[in-house]
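Just so you know, we're using the working numbering here: the sequence shown kicks off at 5 and counts up by one. Note that beta-carbon positions come from the ideal geometry of N, C-alpha and C, so glycine has one too.
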Amino acid sequence: MIQILSPKSVTRGQDFKGLLEVKPGEMDGARALEIIFYNSITFAKGKKNFSSWEFKKRVSASEAKEKKEVPFEFPVQEFAPITYSGKSISSKWKIKVKVDIPNAFDTEFEQEVVVFR
5 MIQILSPKSV TRGQDFKGLL EVKPGEMDGA RALEIIFYNS ITFAKGKKNF
55 SSWEFKKRVS ASEAKEKKEV PFEFPVQEFA PITYSGKSIS SKWKIKVKVD
105 IPNAFDTEFE QEVVVFR
């Protein structure tokens with residue numbers, strides 16, 4: 005299992021930094037490891053709005069196997085949407101790790117991140 009080691013929150017204007025621990029065998033048969041930090045805005049009836057807040061980092065499977073730890077860092081601009089949950093709209097940030105496996109279902113790990121003002 006790949007473990008996401010990162011803070012549970014970040015303030016706008018700071019960088020969101022973390023580390024992935026790659027366990028032995030986790031990258032067997034994989035092509036790459038993709039780290040995605042993104043925002044999702046959802047309206048009251050569950051309809052998702054397009055959010056252009058998405059940052060990605062791609063690392064080759066061989067590099068992830070060799071290092072066993074993969075650092076990541078993504079900017080959170082001053083004007084980025086904060087985490088919010090209301091009656092008619094919500095804004096959530098997540099860090100997602102995807103193991104890209106050719107000709108098979110990709111393995112994914114995800115956790116929420118709170119973005120403060």
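How many whole angstroms separate the CB atoms of residue i and residue j, which I take to be in contact at a CB cut-off of 8 Å?
| i | j | result |
| --- | --- | --- |
| Glu-58 | Tyr-42 | 4 Å |
| Leu-37 | Val-63 | 5 Å |
| Ile-45 | Lys-102 | With a Cβ gap of about 21 Å, Ile-45 and Lys-102 do not count as contacting. |
| Glu-114 | Ile-99 | 7 Å |
| Ala-68 | Val-74 | 6 Å |
What are the residues that DSSP puts in a beta bridge with residue i?
| i | result |
| --- | --- |
| Thr-111 | Val-103 |
| Lys-96 | Ser-44 |
| Ile-8 | Leu-24 |
| Arg-62 | Glu-38 |
| Val-119 | Val-14 |
Would residue i pass as an interface residue toward chain D - the criterion being a Cβ-Cβ separation below 7 Å?
| i | result |
| --- | --- |
| Gln-115 | Included in the structure is just one protein chain, with no chain D present. |
Counting C-beta neighbours from all protein chains within 10 Å, is the total for residue i 16 or more, i.e. buried, or is it exposed?
| i | result |
| --- | --- |
| Ala-34 | buried |
| Ala-108 | exposed |
| Glu-116 | exposed |
| Ser-56 | exposed |
| Ile-93 | exposed |
What's the C-alpha gap between residue i and residue j?
| i | j | result |
| --- | --- | --- |
| Pro-11 | Pro-28 | 24 Å |
| Phe-47 | Pro-85 | 14 Å |
| Trp-97 | Arg-16 | 12 Å |
| Gly-90 | Phe-120 | 15 Å |
| Ile-8 | Gln-81 | 22 Å |
| Asp-32 | Lys-61 | 20 Å |
| Glu-70 | Phe-20 | 24 Å |
| Ser-13 | Tyr-88 | 13 Å |
| Ile-105 | Ile-6 | 14 Å |
Worksheet item: At what residue ranges does the stretch 15-42 contain a whole run of the beta strand (DSSP E), taking only runs of 3 or more?
Response: Complete beta strand (DSSP E) runs here, min 3: 19-25.
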